[in-house]
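So the structure is just underneath, and the comments pick up after that.
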Amino acid sequence: MSKKVKFSIYRYNPELDVKPYYQNLEIELDDLDKKLLTALIKVKEYYDDSLSFRRSCREGVCGSDAININGRNGLACLTDIDSLKQPIVLRPIPGLPVVRDLIVDMTQFFNQYNSIRPYVIDERPMPERERLQSPQDRDKLNGVIECILCACCSTACPSFWWNPDKFVGPAALLHAYRFIADTRDQATAARLDNLNDPYRLFRCHTIMNCADVCPKHLNPTRAIGKIKEIMVSRVV
Amino acid sequence: MSIPVMKYEAVIVGGGGAGLRAALQLSEAGVKTVVLSKVFPTRSHTAAAQGGISASLGNVEDDNWHWHMYDTVKGADWLGDQDAIEFMCRQAVDAVVELEHFGMPFDRLENGKIYQRPFGGHMANFGKKPVRRACAVADRTGHAMLHALYQRNVKADTHFLVEWMALDIIRNKNGDVVGITALEMETGEVYIIQAKAVLFATGGAGRIYQSSTNAYINTGDGIGITLRAGLPIEDIEFWQFHPTGLAGAGVLITEGVRGEGGYLLNCNGERFMERYAPTAKDLASRDVVSRAMQIEINEGRGCGQNKDYVLLKLDHLGKDVIDQRLPGIREISLQFLGIDPVKEPIPVVPTCHYMMGGIPTNYRGEVVAPNGENMEDIVKGFYAAGECACASVHGANRLGTNSLLDLVVFGKSAGNSMVEYIKQHGDEYKELPEDAADFSLNRLAKLDNANSGESLADLRHEMQKIMQQHAGVFRTQSVLEDGINKIEALYARVQNLCIQDKSKVFNTARVEALEFMNTIEVALATMITAEARKESRGAQAREDFPERDDEKFMCHTLYYKDGRKIVYKPVHTKPMTVDYIPPAKRVY
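Protein chains in written order, with the numbering used here: chain Z, 11 to 246; chain E, 2 to 589.
In structure tokens form, the structure reads like this:
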């Protein structure tokens, strides 16, 4: 059995197009084709091989295929086609420069990630075996380490759109919290200093788009709130 | 033709676990290093590994590397090289401790040590009873490991070329590897990257099959490149079918489910693994479980309307255990089948998962190839690690969790070998041949200039169908012979591959076509070597040759692209320090 699905897809190839346009397509899918990524791959295979998008694991763990789907950021591989109103409007995730079609330049996003020093800092001599950590302390990292750096959250955040160079953004702040919360990390004070700035942390206005769109059901706003709490308690 | 040349002392192709671990070793030694990756490093397929990484930490119960080594040799069905296996199993504890020191967020036991769970083929006391050896981060161990390794490389200031694809290696007249050609996807431009040492960490090629747990990027690029360079690949007939791929979707459901106490059921509600593996039951080696499942399905005891899958039951573990230890597979099951494993069993089928074969290396990560009498002459300047390499630690069947271990142990070992080689090398780079890039440029020009021909989608689907039907869990002579004819005919058609998109900027059709030229080499090599190996060993199950034949076939297959030639070389039977583990009947 097959079904027909209508798409309106943002297209832009800087080599060929003066400006972006929307390509309207109706494609035939198998009834068993469940996910949006499957549909995109069929478009590329059988309708137009010039459509460019990123994809890899197709199971929501690599974070490649973040797309703006009917106005909302999500992963193509985890989005059910049948849940979407047609024509399905696909755009690149907003706020970052478009390289081509649905592919954006993520440099700013990763620059912010790098800026929070995304690694456990512990300059003490390492023991011969693993450092010990209680299960309760380890549990503090749940809901944080699952992040796949897909950028759905940061590119749904108005504060990040306006200041992608100054505001760290929800994804990288979630990671900042991940290292503050890790009992093995010894650099909390330096991490807080690094964020104590009118833009880097405090541009978060708890709009909560980030938590709303996270395909892994994580909550960067809550992590940001916790960083703020720790920062305040430090002053007191 | 003149194209830009970049220079790095060390070039690493692939940003997954093996590439990143090697990069760290090189960066920290002050070697000028670059990592090339088709995707941003944390998008590499290492991220999809779920269940754990093996090390005999003994955090829950007695364990030691001798038992780990025995299990690996037995799991490999005596096709593994015992020196490399000893090397890996001895290093395992240090490797896992090092990952913890790198910040990997392992789950913890009450006493604060790293959490360990049982896994397939992990046994205590030389195969006597299951042991908890798999060190886990819930069911997201690969994701946690990959991120920790990437983070550590951020700290070490490793240089990356992200969304670059290697095209070919460059060898000088002595056969030494002196660089690569590579495509920058964003611009579509080709570069030469001159190097003192090149490491391939390009991962697997599971996409040759229709039903695969592998990511779209797993297209066997390193294998295709190696074959085109006139070098052989090893044991490529051995493909692991993971017992529990999600029926229909192919997505991996970790063996950790069975490690935590889940088990398989046929349509009669029978826990059938008790019949096939009385001691280890559902935790027998993957090849054993996959075959058992396939027999159940073939004999009409599968489940569902078409009786084409079996069920993985885990609801008895309870919601708390599932949410704590297996949250990822609950999410996957809900996402792709709408089934909540807290309440219902998951439909699963054996699914292509892992390539045991690859680029032949020794345990130092140096690529080796026959040269005259010497079956293992070192190819200077060329290294390989991880799934694309064949050290060979996995032999004919890999044990679950030994892949993540392989990545870090051999990534580090190759990194060390490269540091040593580069230091001896001196300041001068070896000269590039004048025609260094011509081979790649000609390949590209042929593709770019084709205005009509075969469609990539058709060719790819047909290859996957042929592989699925002719080189699956069970194989026979006539099915393989048919398979060779079909795949050879398809291979000829690939020469007329044509894509419509002729632009340069981020042309993913072009990238996919270039990938497919690598993938098809792997498919062809698999079919030819599987036909030639007339025995059953590990993942190669020949219905017409049901027994292992140690006299004729306890040897590694080497396959060359030229003339589709096969030669065999002996398995390393001499471990580094301990006694040889002689072949025995493999019972679980």
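Built from N, CA and C at the ideal position, the CB exists for glycine as well. Given the structure is predicted, the values throughout are model-derived calculations rather than measurements.
- At a cut-off of 9 Å between beta carbons, Z:PRO180 makes no contact with chain E.
- Taking a Cβ-Cβ cut-off of 7 Å, Z:PRO174 has no neighbours in chain E, whose nearest Cβ is about 17 Å from it.
- With its beta carbon at least 9 Å from every one in chain Z, E:THR578 lies outside the interface.
- For Z:ALA221, the enclosing alpha helix (DSSP H) has its first and last residue at 219 to 223.
- With a beta-carbon spacing of about 6 Å, E:LEU100 and E:MET146 fall inside the 8 Å limit used to define contacts.
- Here E:LEU400 is near E:GLY76, since their CB atoms are less than 9 Å apart.
- When E:PRO5, E:GLY358, E:ARG22 and E:ASP449 are compared, the shortest CA-CA separation from E:LEU405 is found for E:ARG22.
- Listed by position along chain Z, the residues whose Cβ is nearer than 7 Å to that of E:ASP288 form an empty set, because the closest Cβ is around 24 Å away.
- Among the CB atoms of chain E, none fall inside 9 Å of the CB of Z:CYS162.
- In the three-state scheme derived from DSSP, where H, G and I count as helix and E and B as strand, E:TYR71 is classed as helix.
- Taking 8 Å as the cut-off between beta carbons, the residues of the segment 500 to 518 of chain E near chain Z are ILE500, GLN501, ASP502, SER504, LYS505, VAL506, PHE507, ASN508, THR509 and ALA510, in sequence order.
- When the Cα atoms are used, E:ASN112 and Z:SER74 turn out to be separated by approximately 38 Å.
- Within the segment 146 to 191 of chain E, the complete beta strand (DSSP E) segments of 3 residues or longer fall at 160 to 163, 165 to 172 and 178 to 185, listed in chain order.
- Interface flag for Z:ASP41 against chain E is unset, since no Cβ pair is found closer than 9 Å.
- Nearest to E:LYS503 by C-alpha distance, out of Z:LEU61, Z:CYS87 and Z:VAL53, is Z:LEU61.
- The way I'd put it, the segment 58 to 68 of chain E doesn't touch the segment 445 to 462 of chain E; fewer than three beta-carbon pairs between them come closer than 8 Å.
- When Cβ-Cβ separations below 9 Å define contact, E:SER334 makes no contact with chain Z.
- At a beta-carbon threshold of 7 Å, the residues of chain E lying near Z:SER144 are ARG109 and GLY113, ordered along the chain.
- If you look at Z:SER12, you'll find it in the beta strand (DSSP E) that goes 12 to 21.
- Residue pairing by DSSP places E:GLU455 opposite E:LEU498 in a beta bridge.
- Nearest Cα to E:PRO42 within the set E:ILE13, E:PRO346 and E:MET468: E:ILE13.
- Between E:ILE224 and E:ASN519, the C-beta spacing is below 9 Å.
- Rounded to whole angstroms, Z:LYS54 and Z:PRO135 show a C-alpha spacing of 53 Å.
- Its chain contains SER12 as the residues whose beta carbon lies nearer than 7 Å to that of Z:ASP40, once the 5 sequence neighbours on both sides are disregarded; these appear in chain order.
- Here E:LEU266 has ARG272, VAL311, LEU312, LYS314 and PRO346 as same chain residues with Cβ atoms under 7 Å from its own Cβ, once five neighbours each way along the sequence are excluded.
- In its chain, beyond the 5 residues on either side, GLY17, GLY204, ASN215, ALA216, ILE218 and ASN219 have a beta carbon closer than 7 Å to the beta carbon of E:HIS46.
- Residue contact with chain Z for E:GLU187: present (Cβ-Cβ distance below 9 Å to some residue of chain Z).
- Of all alpha-carbon atoms in E:LYS431, E:PHE337 and E:GLN541, the one lying nearest the alpha-carbon of E:ASN175 is that of E:LYS431.
- A direct Cα-Cα distance of roughly 11 Å separates Z:PRO230 from Z:CYS167.
- Counting along the chain, the unbroken alpha helix (DSSP H) around E:GLU552 starts and ends at 551 to 554.
- For E:LYS570, the enclosing beta strand (DSSP E) begins and ends at 567 to 571.
- E:PRO131 has E:MET124 as its beta-bridge partners, per DSSP.
- For Z:ASN34, the enclosing beta strand (DSSP E) stretches over residues 31 to 40.
- E:VAL6 and Z:LEU106 have their C-alpha atoms roughly 30 Å apart.
- The three-state secondary structure of E:HIS354, taken from DSSP, is strand.
- In this structure, E:VAL572 sits away from E:SER286, with a CB-CB distance that is not shorter than 9 Å.
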